[in-house]
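Residue numbers (my numbering), protein chains in the order written: chain A, 5 to 906; chain B, 1180 to 1375.
Right, here's the structure in full:
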């Protein structure tokens, strides 16, 4: 910080004040005058401050009144007061989210009345307000006769958000039906109106989330109008992003009407509203709600919604038309109420179409659940709801990355996205999710049927077509169908360039897709595609945009894989900054980047930071309800790796085994991730000298990955390297040698001879060569990378030095070995601590190299050997090797149990 | 579910506090919004527990300490961490009060004549808001002279922290804090007198 004259002056003043304040008040003035001499100005200043010190002022008054006013709850606002440009006329009611007033706009050219909803203070967080401003426009655009429009909204002086809605003069739909004694057909037609309004909102990608009779008013003319569209979403998003807040708030949806996924905190979608419509329909038909036993606790109600099958409306009905409900109407309602979102009607349109079919006396598509059981099972197994919603509606390139619904919606622009979404919705319907023939279909086959239709159906809309094509490509990519993904990404790219221009974000996204489908992680080619895409995003969407952030994250991944750790760190840090800005610090996106950064820091040897980032990333995943997602599992795995590297071996083993159990349950025992975790677990056990415990995970990793991924996959290579290391420990030198050689070739070809992975496996191979008495080959391998700059606690560098030391001992050049081993020992000691067998082993080798006198060697080696014997299993080759030095050099029998005290 | 969310918060806050203790600026940036929201929540609960007509004042000191109990106490009994936390809470409290005071002053100026119809209590708050805005502006100038003095003001005046707590948070002696507060208070009072 630069010093200013003012600061210099203040320092003088301060010194004098300090001195003066130590004296009794009466002595102060004379002291100051004496100290200041001619500088009267200084004296006056100090004396002025001393006088001010005696007086009382604003800093002595309590803040209580103002503080109270600053946090005043909404209840202070009432009839007659003004909120924004609105005057509150009379209270209309109050509910979970706040109070509603009839309000009149002031100062306008015309008289406008509206319902003003004042939200409760609990929801008034800074995050909400920012989002509120962003989303308001989208909601205001919801222009449909069946939807009460959002007119205005803002924040009161107290920081309370409020919404102003078009007023609706009508009564709740259930009361309307009761009072007017509407016939079954009339009730169904009313529902069709409601469906139409909901569908219109869905086309704008707005989900209601809180459909219930009190939110559906019917005017005296018989027009149904929906209230509170998008309000639940605004609030809900905020809650989702602020875990701390959920504690203080009731569930956003109304318990009796909430869908299972809402209660479980799973992602919401159009299917959530299908469920809500199902409940309302149930109520209009049966005269009661699907789950509505007397004296039920909210908890019990929630349990039923999540677990129990509702009784068919015909059986629940106490009305005269119960018989008419049996069959088709039962099926329709129950289909809308399925537990799994994907088993419900795929869209509100589909629900409405079935109601229409019933009204027209045609056969409805809804079937009793048994006939669709197999599809249901498939759906549950593959989580199509999330998969489809994520892959198709989203447009997130990183398929599999956890991205929440609202964030996706924010990114899709209104009109184009609307067409896209509608098309995809139709596609899914047409792809026979609805019909029995689809029962055995996989998502994969579904896409196969959707893909060719893009050309026919979207010929008139080239922009939408390009976009949809890219979404399909992403879906393929998410399913691991690389070639199909690549083909469609290329087409999408061509179409995007043609329609949007080469420098458009659409073209850039397609190019990113090509990078993911066609190039290897960490390759030059991938970066060569990602970097220009980032530039495009920065230029067109802004440097702090979500698009730029996503590409940046991919670049970070790629750089990390390529071993460009510092550049990767810079990319991740910027990604994290933007993620926090765009989504907030607690969002899963922030968590993802935190975890990426954590894994990277580990590779840079920054253990403490790494552990913290990984833990925090994992915690955020868990707290966001994604604790069992694939990414959370991957983070858990990385956390275990970091724990192991930081020397917390037991904690690491616990994490590995936890991750393994989850992965086996969720992904199946043959999944590549299971193989990778097994590899790491095996590595950990071997590092502890537990070679026999390691055998099971190591072997299983090889067989799982051998079946699940192609030859040359790095994960598979890593498993094979592990197997080689284990074989080497157990005496299978030739087999180990051959596995190491293959791995070494793979890495050298794909990453280059000087990549750290190539070097590392080269040094492992060197040890195998040494044990085959091929010391020249060992020397050659060890020479490569010997002079590379490595972190001070790099274990592979230590390993290289250890192997080199051994070779030099074998060469009969102990003085050279001494130097290598000393370096190895200091690294091991720093990284692993004194208790580790590696340290003991290296120390023992050093004794061998450094001690010329046989007596001394015997004296000093014995205790090292004893320590090593405790850590390693009986018969380990290291013990034999070191004991051998005692034997040959001293020409005596090695003692069976060397006595450390001698 | 909600309990778990709380626990996560706490664990997170504990971690952040540990980093804060090591002078990690990033941790501070993370902690502030959490504390800010919790402060508002607690404050409103405090008000809400009174009868609507009682129009209680708020005890800001108690609040700042209550936030600590609420968010962090279970996991971080250390005096050190506690003081760092209170410092963040005081900063959040200042933010809340100043934001409101600024809004209120702006609104008052826009309100014009209507002022007369307000009840006396409201007028008193208006005046307090006005002077608080002045304090904060002066505080910015003081910060330019001595950042530490400005911090002492935030902790003592806005947060109601004791000199002992402030001393720990700033890693200086209690005597230094007492002296700093005297100097800062004198300086601000003089500045405000000059301004008027």
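Each residue gets a CB set at the ideal place from its N, CA and C atoms; glycine is no exception.
Query: Short CB-CB distance (under 7 angstroms) between residue 62 of chain A and chain B; Result: yes
Query: Close Cβ partners of residue 589 of chain A (< 8 angstroms) along its chain, the five nearest in sequence each way excluded; Result: none
Query: Limits of the unbroken alpha helix (DSSP H) element including residue 853 of chain A; Result: 841-854
Query: Chain B within 7 angstroms of residue 589 of chain A, Cβ atoms only; Result: yes
Query: Residue 641 of chain A versus residue 486 of chain A - alpha carbon distance; Result: 25 angstroms
Query: Buried versus exposed call for residue 720 of chain A [16 or more other C-beta atoms within 10 Å across all chains shown]; Result: buried
Query: Nearest candidate by alpha-carbon position, reference residue 763 of chain A, set A:738, A:735, A:732, A:798; Result: A:798
Query: Members of the stretch 618-633 of chain A near chain B, C-beta cut-off 9 angstroms; Result: 619, 620, 623, 624, 626, 627, 629
Query: Cβ-based neighbour list, residue 23 of chain A, same chain, cut-off 8 angstroms, excluding 5 preceding and 5 following; Result: 35, 39
Query: Below-7 angstroms beta-carbon distance, residue 1320 of chain B vs any chain A residue; Result: no
Query: Min CB distance residue 11 of chain A to chain B below 7 angstroms; Result: yes
Query: Helix, strand or coil at residue 444 of chain A according to DSSP, with G and I counted as helix; Result: With a pLDDT of 29 at residue 444 of chain A, under the threshold of 50, the modelled position of that residue is not reliable, and the figure given next carries that caveat. Of the three classes helix, strand and coil, the one that applies to residue 444 of chain A here is coil, per DSSP.
Query: CB-CB length for residue 727 of chain A against residue 700 of chain A, believed under 8 angstroms; Result: Actually they are not in contact, since the Cβ atoms of residue 727 of chain A and residue 700 of chain A sit about 12 angstroms apart, beyond 8 angstroms.
Query: Residue-chain proximity (residue 1211 of chain B, chain A), Cβ-Cβ < 7 angstroms; Result: no
Query: Residue 206 of chain A classed as buried or exposed, judged by whether at least 16 other C-beta atoms fall within 10 angstroms; Result: buried
Query: Cα-Cα separation, residue 747 of chain A to residue 669 of chain A; Result: 30 angstroms
Query: Proximal residues to residue 13 of chain A (C-beta, below 7 angstroms), its chain only, five neighbours per side dropped; Result: none
Query: Coarse secondary structure for residue 737 of chain A, derived from DSSP in three states; Result: helix
Query: Strand pairing of residue 1260 of chain B, partner residues [DSSP]; Result: Partner(s): none; residue 1260 of chain B has no beta bridge.
Query: Cutoff 6 angstroms; reference residue 356 of chain A; Cβ partners in own chain excluding five residues on either side; Result: 196, 199
Query: Straight-line Cα distance separating residue 539 of chain A from residue 1353 of chain B; Result: 53 angstroms
Query: The stretch 497-504 of chain A contacting the stretch 527-539 of chain A, beta-carbon criterion three pairs below 8 angstroms; Result: no
Query: Proximity winner among A:879, A:833, A:842, A:814, relative to residue 852 of chain A (alpha-carbon distances); Result: A:814
Query: Sequence-distant residues of the same chain with beta carbon closer than 6 angstroms to residue 286 of chain A, five excluded per side; Result: 294, 317, 337
Query: Range of the contiguous beta strand (DSSP E) that encloses residue 156 of chain A; Result: 154-159
Query: CA nearest to the CA of residue 10 of chain A, picked from A:46, A:30, A:33; Result: A:46
Query: Residue 176 of chain A: first and last residue of the uninterrupted beta strand (DSSP E) it sits in; Result: 174-176
Query: Any chain A beta carbon closer than 7 angstroms to residue 1342 of chain B; Result: no
Query: Interface partners of residue 53 of chain A on chain B, CB under 8 angstroms; Result: 1362, 1365, 1366, 1369
Query: Beta-carbon spacing of residue 315 of chain A, residue 341 of chain A below 7 angstroms; Result: no
Query: Beta-carbon neighbours of residue 1281 of chain B, restricted to chain A and to distances below 7 angstroms; Result: What residue 1281 of chain B touches in chain A: nothing, since even the nearest Cβ is about 11 angstroms away.
Query: Limits of the alpha helix (DSSP H) - the one that residue 279 of chain A falls within; Result: 274-290
Query: Candidates B:1241, B:1258, B:1315, B:1264, of which the one nearest residue 1211 of chain B by Cα; Result: B:1264
Query: Residue-chain proximity (residue 21 of chain A, chain B), Cβ-Cβ < 7 angstroms; Result: yes
Query: Chain B within 7 angstroms of residue 4 of chain A, Cβ atoms only; Result: The structure shown does not extend to residue 4 of chain A, since chain A is modelled only from 5 through 906, so no value can be given for it.
Query: Beta carbon of residue 119 of chain A nearer than 7 angstroms to that of residue 171 of chain A; Result: yes
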